[in-house]
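J.: I'd like to ask you about the structure that follows.
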Amino acid sequence: VDITLLYDDMLFGSSARGQPSDWLKKGDRHFLSDLSCLEVGLCHQSLHVEFVNPSVSYTLLLRNQNHCRRFLQCLTYLIEELPTKSRSKIPDITMVEMNSQHPLW
1 VDITLLYDDM LFGSSARGQP SDWLKKGDRH FLSDLSCLEV GLCHQSLHVE
51 FVNPSVSYTL LLRNQNHCRR FLQCLTYLIE ELPTKSRSKI PDITMVEMNS
101 QHPLW
């Protein structure tokens, strides 16, 4: 099982109109078995993921608690479908609390 990250070259403007297939481009591709870190942050509005092979990390700022939770549910389901050997390498999901000790506070 792998996840493919899509991205848009233009963050603003008219390029994001119409069908997503018209403006989203395939980015990087990583196997879930290479997942080394999965953190939920900013009051369930962001996900931080890290992979090995190659060593890379992404912070997905969804800005929507419901979308973040649904995406996390999908990832969790896919992780549970992995063979036991691969699944045992993946660390538990970390929840980062937004409080007065948080660096962004």
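Residue numbers (my numbering): 1 to 105.
For every residue, glycine included, the Cβ atom is placed at its ideal position computed from N, Cα and C.
If we ignore side chains and look at the alpha-carbon of each, how far apart do Phe31 and Val49 end up?
T.: Here residue 31 is taken as the residue at index 31 of the sequence shown, counted from 1. Here residue 49 is taken as the residue at index 49 of the sequence shown, counted from 1. Phe31 and Val49: Cα-Cα distance of roughly 12 angstroms.
J.: Using only the alpha-carbon positions, how far apart do Ser100 and Gly41 sit?
T.: Working through the sequence shown from its first residue, we reach residue 100 at position 100. Working through the sequence shown from its first residue, we reach residue 41 at position 41. In a straight line, the C-alpha of Ser100 is about 14 angstroms away from that of Gly41.
J.: Is the separation between the beta-carbon of Phe51 and that of Leu62 shorter than 8 angstroms?
T.: Numbered from 1 along the sequence shown, position 51 holds the residue referred to as residue 51. Numbered from 1 along the sequence shown, position 62 holds the residue referred to as residue 62. Not in contact: Phe51 and Leu62 (Cβ atoms no closer than 8 angstroms).
J.: Roughly how many angstroms separate the alpha carbons of Arg69 and Ser33, rounded to a whole number?
T.: Locating residue 69 in the sequence shown gives position 69, counting from the first residue. Locating residue 33 in the sequence shown gives position 33, counting from the first residue. Each residue's Cα considered, the two are about 21 angstroms apart.
J.: So what does DSSP say about Cys184, is it helix, strand or coil?
T.: Because the chain here runs from 1 to 105, residue 184 falls outside it and cannot be looked at.
J.: Beta-carbon within less than 6 angstroms of Ile108's beta-carbon, same chain only, minus the 5 sequence neighbours each way: which residues are those?
T.: It is not possible to answer for residue 108, since the shown part of the chain is limited to 1 through 105.
J.: Would you kindly work out how many angstroms separate the C-alpha atoms of Ser86 and Thr76, rounded to a whole number?
T.: Within the sequence shown, numbered from 1, the residue matching residue 86 stands at position 86. Within the sequence shown, numbered from 1, the residue matching residue 76 stands at position 76. One C-alpha to the other measures close to 14 angstroms.
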